[in-house]
Structure formats: structure tokens, C-alpha cells
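Numbering (the working numbering), first residue to last: 27 to 173. First comes the structure, then the notes that go with it.
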Amino acid sequence: MRDYLIIVILSVLFGFVLAYLFFQKNLIQRAEEGFTQKADTIVKIVPSEPLIIERVKTKIIYTGDTIVQTKPFVAMVDTVVKQDTIFAKYEFPENLFSLNLRRSDDTLRTVMIKTEIMKSESKNWWKSPAVAVAGLVVGYLLRNYIR
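In C-alpha cells form, the structure reads like this:
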């Protein structure tokens, strides 16, 4: 009887050591599997207000003492630069200046990164071997009781 008791105690200790070594590796793998990362991009288009200057009287500064008479003319530029529309106009001899600047819509990009760590309940390493040993002990006691 004493030999059986020593064998059972050594088997239980050996089972605890094996369970500790086996379950410790699984807990580390489960922690790595529970990590997820999600990226979401939100695009918002913000229209910009145009800059318009209509028919402004310009100031004339004479740098010389002679005045040159010229024919009336209109100088105009209408172009697109980097998706911005520019229109400028100058009328002579009325000295009227017009400017129209229309900018392209601004695009705001917001990148949201969510990191979720799913925590799984980790059992203590000794619970599974303890249940197995308890089952063996109950089975052994029932076998001895039935005899």
C-alpha cells in the first residue's frame, strides 16, 4: 500500500511539472493571437471661399516728369495654376483693376488607428492537472470501495 502511495505522489508531482511546462507556452501564444489593429481613413472635402476684387481704382505714381499719351487698353490674364483659377484684369486709362482667385477644395484626411487587445481569461496552470488528479483519486477510491 505504501508503494502505491509513493507512486501516486510522484505521478502527481510529475504531472504538475509537465502541465506547468506545457501550459506556460500556450499562454504566451494566446496573448500574441489576441492583438488586432484596424486603420480607418476619413476624407472631408472643405470648399474654400473665392477671393474676388471687382473694379478697384488704382493709384498712379509718376516717377518721371514727362507724361506719355497712350491709347486705351485692357490687360487681362486668365489661367489655372495647381488647380487654382486666377483671373486678373486692368483697364487703362480708367485705372480699374479686377482680381478673381478661386481655389480648389481642400481635402482633409484623418487616419484613425484602433488597437484592440482581446484579453482571454487565462486559467491557472495547476487547475487542469488538479482536476485530472482529483478524477484519478475519486476513481481509485470508488474502485477500492466497490471491492
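No residue lacks a Cβ here, since even glycine has one placed at the ideal position from N, Cα and C. These numbers were taken from a predicted model, which means no experiment stands behind them.
When C-alpha distances from K115 are compared across E80, K153, K140, K108, the shortest belongs to E80.
Between N126 and P73, the gap from beta carbon to beta carbon reaches 8 Å or more. Counting the other Cβ atoms within 10 Å of the Cβ of P155 gives 16 or more, which makes it buried. Put simply, of M27, A65, I33 the residue whose alpha carbon is nearest the alpha carbon of K140 is A65.
In the structure shown, S124 adopts extended strand secondary structure according to DSSP, grouped into three states. C-alpha of W151 to C-alpha of V69: approximately 49 Å in a straight line. The beta carbon of R135 sits closer than 7 Å to those of T67, V69, all from its chain and outside the five residues before and after it, given in chain order.
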